[in-house]
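Quick note on my numbering: the sequence shown kicks off at 843 and runs consecutively.
Here's the structure we're looking at; comments come further down.
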Amino acid sequence: MERKWWQNAIAYQIYPRSFYDSNGDGVGDIRGIIEKLDYLQDLGIDVVWICPVYQSPMDDNGYDISDYYKIDPQFGTNEDMDELIAEAKKRGIKIVMDLVLNHCSDEHPWFKKALADPTCEEADYFFFRKGENGNPPNNWRSMFGGSAWEPVGDGRYYMHIFGKKQPDLNWENPKLRKALYDMINYWLDKGVGGFRIDAIIHIKKDPTLASRAPEADGMCGLVECCRNYPGIGEFLTEMREQTFDRADCMTVAEAPGVPYEQYGDYVGQPGYFSMMFDFTYTEIYAGWASSWKGYKKIGEWTVPEFRDMLFRSQTEIQKVGWGAVYLENHDYPRSLDKYIPDEDHGFASATMLATLYFLLRGTPFIYQGQELGMSNCPWDSVEEFNDISTLNQYQLVQREGCTPEEALKVVGKYSRDNARTPFPWNSGKNAGFTTGKPWLKVNPSYVAINAEDEKKRDDSVYAYYKKLVALRKDPATSGPLGYGTITPCLLDYDDVVAYIRSEDGQNILVVNHFGSGVRKVTLPYDVQQVLLTNYPATNIAGGVLTLQPYQSVVAQIG
Ligand code: GLC
843 MERKWWQNAI AYQIYPRSFY DSNGDGVGDI RGIIEKLDYL QDLGIDVVWI
893 CPVYQSPMDD NGYDISDYYK IDPQFGTNED MDELIAEAKK RGIKIVMDLV
943 LNHCSDEHPW FKKALADPTC EEADYFFFRK GENGNPPNNW RSMFGGSAWE
993 PVGDGRYYMH IFGKKQPDLN WENPKLRKAL YDMINYWLDK GVGGFRIDAI
1043 IHIKKDPTLA SRAPEADGMC GLVECCRNYP GIGEFLTEMR EQTFDRADCM
1093 TVAEAPGVPY EQYGDYVGQP GYFSMMFDFT YTEIYAGWAS SWKGYKKIGE
1143 WTVPEFRDML FRSQTEIQKV GWGAVYLENH DYPRSLDKYI PDEDHGFASA
1193 TMLATLYFLL RGTPFIYQGQ ELGMSNCPWD SVEEFNDIST LNQYQLVQRE
1243 GCTPEEALKV VGKYSRDNAR TPFPWNSGKN AGFTTGKPWL KVNPSYVAIN
1293 AEDEKKRDDS VYAYYKKLVA LRKDPATSGP LGYGTITPCL LDYDDVVAYI
1343 RSEDGQNILV VNHFGSGVRK VTLPYDVQQV LLTNYPATNI AGGVLTLQPY
1393 QSVVAQIG
């Protein structure tokens, strides 16, 4: 495979509202990111993906864009963005912007025009259809709950597969596509390093817009209607040719549901994108289920199930191209809460999860706060939530028979807001995030879990992440841990997730104990040197490795 700069990069995801507030209005901003670039450089980051900062009514916190060319005043100005790109560049960091191309905001001028005049050109930039007998045009269910259609009062409905204020864009219209490509090129010309591409898998809809077999609520999910729908490749190829191909940029797609047989089209040589996120193993708990009954608690899935999904993903992607590896993002609860029982949260489990995913084959993404070992936030009342999908689900689960108390509990556990709480910079007021009133609750764990403290200690989760970054960058190990191949191993142990990374005859074994007891593993390898472990010592005697609870061991083997 041809080698690219982004294959050896370490990426970091910033949720800008919650990263650092430079002007005391309670909301994080671009100048706040500039102020914290040294922190990212210290951690060893090469690429920073910033969730949307474009002008937006913020109904879905920036994933509803009303002007693709303008930075939202809450986040700063276009000049701030220029400065961020330049300041990051000085530190060897590239800025990756979020591209939201499946939908815009209902406050975008295109949509306003389309509402005012059904015959105008922009009306065809969207999906407007007549309803039938007072019903929506079809029975598709929105991802955020309820019908995917909203009436506009003149007999027409428009399609929104996410929130009501996020009308879907009609990619069949060539003028619309051209307008989007022009916008992408505008940002490329500004010097961004690439894009994370939101919800791109949905841009092609079944052209008949036919209803599907109804589920209990009379509606149907969108998988068959507009996820990786045949013909999407033509749009994606055209987009790549007219935009990304002009620059040596990195593109990472949010594209759940692509079967592995088609990964070559998406991330092959060339693919539509540099890499994409695979949602299988990160959604083992089924976080996007339309019903709360769809959530699986820890214990309702097993480590071997998780491991099978993870290794299937790794070995399938290895056949054709490159992947993005991650455990957390702004749409998930914290990884400790997804994968580890509450009573076991701590340094060992946080660093075991870190080792497990960070040395996989692919570009690793750290989500802000993950490098500190953050857990979910305790939620005391529904008023504390901000996220549109959490609020929708809170209503939904009560309609399904939950009491308000139960609803708060179940929704709180899986809420996206868990990942969106302000970043804990220190143990001072508001965790050092803002001098004003934070837009979202600060996770009370900041007293113990914060960047200032962790940076000082060499036994912190942060310090451990730096060691992982160093291993990936050290010329002595970066070969196998970068471009190298992956081979799953030690599959007989149900609480072990282990693999070997190899290049040019050099082999690195990564063993992760996904359990709270003590586990003995007979190693069929000759261990030459232990490179890293999250315990004070590694116990290997007579070819047997004795692993402590959630211990990880990385070793050079013969
Ligand atoms: C993606 C984003 C999510 C957003 C949705 C709609 O899934 O990651 O945060 O709500 O798209 O744009």
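Every residue gets a Cβ at the ideal spot worked out from N, C-alpha and C, and that includes glycine.
Item	Value
Simplified DSSP assignment, three categories, for Ile892	strand
Alpha-carbon to alpha-carbon, Arg983 and Asp959	27 Å
Beta-carbon contacts of Arg933 that lie in its chain and below 7 Å, excluding the five residues immediately before and after	Leu879 and Gln883
contact_flag[the stretch 1292–1301, the stretch 1225–1243] where n(CB pairs < 8 Å) is 3 or more	no
Sub-8 Å separation of Ile1328 and Leu1202 beta-carbons	yes
Reduced DSSP secondary structure (H/G/I, E/B, other) of Pro1016	helix
Test item: CB-CB of Val1167 and Gly1204 under 8 Å	yes
Beta-carbon spacing of Ala1192, Leu1169 below 8 Å	no
Length at least 3, wholly inside the stretch 965–1034: the beta strand (DSSP E) runs in chain order	970–972, 991–993 and 998–1001
Length-filtered (4 minimum) alpha helix (DSSP H) runs lying within the stretch 1204–1254	1230–1241
Residues that DSSP places opposite Met1092 in a beta bridge	Gly1036
Alpha carbon of Ile1402 to alpha carbon of Asn975, nearest angstrom	Summary: the structure shown does not reach residue 1402, with the chain confined to residues 843 through 1400, and so no result is reported for it.
heavy atom of the ligand GLC below 7 Å from Val1311 C-beta	no
Near the ligand GDP: Asp863 beta-carbon under 7 Å from a heavy atom	No copy of the ligand GDP occurs in the structure displayed; its ligands are the ligand GLC alone.
Proximity to Ser989 [Cα-Cα], best of Pro1056, Leu1389 and Gly868	Pro1056
Separation of Pro858 from Ser784, as counted between CA atoms	As shown, the chain starts at 843 and ends at 1400. That puts residue 784 outside it, with no answer to give.
Inter-residue spacing [alpha-carbon to alpha-carbon] between Cys893 and Asp940	5 Å
Proximal residues to Thr1319 (C-beta, below 7 Å), its chain only, five neighbours per side dropped	Leu1313, Ile1350 and Leu1373
Exposed unless 16 or more other CB atoms sit within 10 angstroms - verdict on Pro1317	exposed
With 16 other Cβ atoms within 10 Å as the buried cut-off, status of Glu964	buried
Beta-carbon separation (whole angstroms), Leu1018 vs Tyr967, contact threshold 8 Å	5 Å
Top-ranked residue by Cα proximity to Asn1218, from Cys1244, Thr1245, Pro1206 and Phe1265	Phe1265
Supposed contact pair Ile1208 and Tyr910 - C-beta distance, whole angstroms, cut 8 Å	Going by Cβ atoms, the distance from Tyr910 to Ile1208 rounds to 27 Å, so no, they are not a contact pair.
Which residues DSSP lists as bridging Ile913, in chain order	Tyr896
Check your reading: residues with Cβ closer than 5 Å to the ligand GLC heavy atoms	Asp902, Tyr905, Phe1004, Asp1040, Ala1041 and Asp1173
Min CB distance Asn1234 to chain D below 8 Å	No chain D is present in this structure, which holds just one protein chain.
Where the beta strand (DSSP E) through Arg826 begins and ends	It is not possible to answer for residue 826, since the shown part of the chain is limited to 843 through 1400.
Cβ pair count under 8 Å reaching 3, the stretch 911–920 against the stretch 1005–1022	no
Nearest neighbour of Met1117, chosen from Asp1107, Glu1066, Asn1285 and Val942 [CA to CA]	Asp1107
Cα-Cα separation, Ala1021 to Asp1087	17 Å
DSSP bridge partner residues for Thr1329 (one or two, in chain order)	Ile1342
Among Leu1064, Phe1153 and Val1311, nearest to Asp888 - alpha-carbon criterion	Val1311
Beta-carbon spacing of Tyr1288, Ala1305 below 8 Å	no
Burial state of Tyr1028 (16 or more Cβ within 10 Å)	exposed
Backbone CA spacing between Pro1330 and Met843 [nearest angstrom]	21 Å
Under the three-state DSSP convention, the category Leu957 falls into	helix
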